[in-house]
Amino acid sequence: MAPPGSPVPHDSFNKSKMYKQISAIKEWPNIMKKLERLQGAIVADNKLKVYEPHFEKLIVANRRNRVIYDLAIASVNYDHAETEEDKIKYLKEMYDLNERDFDIIKNNYFDVNPVSETGTKSCMIPYHELKRVLTNELYPDKRDDEPIYLGVEALGWLWL
Numbered sequence: 006m007a008p009p010g011s012p013v014p015h016d017s018f019n020k021s022k023m024y025k026q027i028s029a030i031k032e033w034p035n036i037m038k039k040l041e042r043l044q045g046a047i048v049a050d051n052k053l054k055v056y057e058p059h060f061e062k063l064i065v066a067n068r069r070n071r072v073i074y075d076l077a078i079a080s081v082n083y084d085h086a087e088t089e090e091d092k093i094k095y096l097k098e099m100y101d102l103n104e105r106d107f108d109i110i111k112n113n114y115f116d117v118n119p120v121s122e123t124g125t126k127s128c129m130i131p132y133h134e135l136k137r138v139l140t141n142e143l144y145p146d147k148r149d150d151e152p153i154y155l156g157v158e159a160l161g162w163l164w165l
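What follows is the structure, given as structure tokens:
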């Protein structure tokens, strides 16, 4: 077992792929600096500043990627936690990271809340379903058994 907070051994294809990226994720601060520097240069150029929204999207995506990566690491560490105390620690870490990701989302996107007009709750953002699942694990007395489905954005139009 790896020490708490450190990557666990490679034991599956996807987890192995993720851990191969550990050295790459260490470059994240440098990537952010480069993107921000490029964005600044583009904004300063009258001919190029029309492209600034594209760089803003790249910066937002890169910020989210970092949080999602940390969320994935916490999830794998949860899978390998040997004590209930460690499992709760990783569940809380995932909960906090999910909130951080949603802070980025709600400040940059619209239509981020579930809809249920068809009788099936759905949302294009996984935040709500992940929060429901994590809350169910952390606080069984607040259990919510109604899933919020992902990838069904068209359901609202199907009744027309």
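All letters in the sequence shown, in the order written, are residues 6 to 165 by our numbering. Glycine included, C-beta positions come from ideal geometry on N, C-alpha and C. Since the structure is predicted, the reported quantities are computational estimates derived from the model, not experimental observations.
Between the CA atoms of residue j and residue i - distance to the nearest angstrom
{"i": "Glu142", "j": "Asp101", "result": "14 Å"}
{"i": "Ala46", "j": "Ser121", "result": "44 Å"}
{"i": "Leu40", "j": "Phe60", "result": "7 Å"}
{"i": "Asp3", "j": "Lys136", "result": "What the structure shows of the chain is the stretch from 6 to 165, and residue 3 is not part of that stretch, so it cannot be assessed."}
{"i": "Thr140", "j": "Lys147", "result": "7 Å"}
Selected residue, minimal CA-CA separation from residue i, among the options
{"i": "Leu155", "options": "Asn82, Ala79, Pro131, Asn35", "result": "Pro131"}
{"i": "Leu117", "options": "Ile47, Ala46, Lys97, Asp108", "result": "The sequence as given places Val at residue 117; Leu does not occur at that position. For Val117, the nearest C-alpha among the options comes from Asp108."}
{"i": "Arg71", "options": "Glu134, Glu151, Pro34, Lys111", "result": "Pro34"}
{"i": "Ile64", "options": "Glu151, Ala86, Ile36, Asp84", "result": "Ile36"}
{"i": "Ile93", "options": "Asp106, Asn103, Ala79, Arg105", "result": "Ala79"}
{"i": "Thr125", "options": "Thr140, Glu134, Ile153", "result": "Ile153"}
{"i": "Lys31", "options": "Tyr74, Arg42, Ala49", "result": "Tyr74"}
{"i": "Ala29", "options": "Glu134, Asn67, Asp50, Asn51", "result": "Asn67"}
{"i": "Asn112", "options": "Tyr144, Pro145, Glu89, Lys62", "result": "Lys62"}
Cβ neighbours of residue i in the same chain (closer than 6 Å, five flanking residues each side left out)
{"i": "Pro58", "result": "none"}
Same chain, Cβ closer than 8 Å to residue i, five either side skipped, listed in chain order
{"i": "Ile110", "result": "Arg69, Val117, Ile130, Tyr132"}
9 Å Cβ cutoff, residue i in contact with chain C
{"i": "Asn118", "result": "In the structure shown, chain C cannot be found, because there is only a single protein chain."}
* Which runs of the alpha helix (DSSP H) spanning at least 4 residues fall entirely within the segment 20-74, listed in chain order? -> 27-30, 33-49
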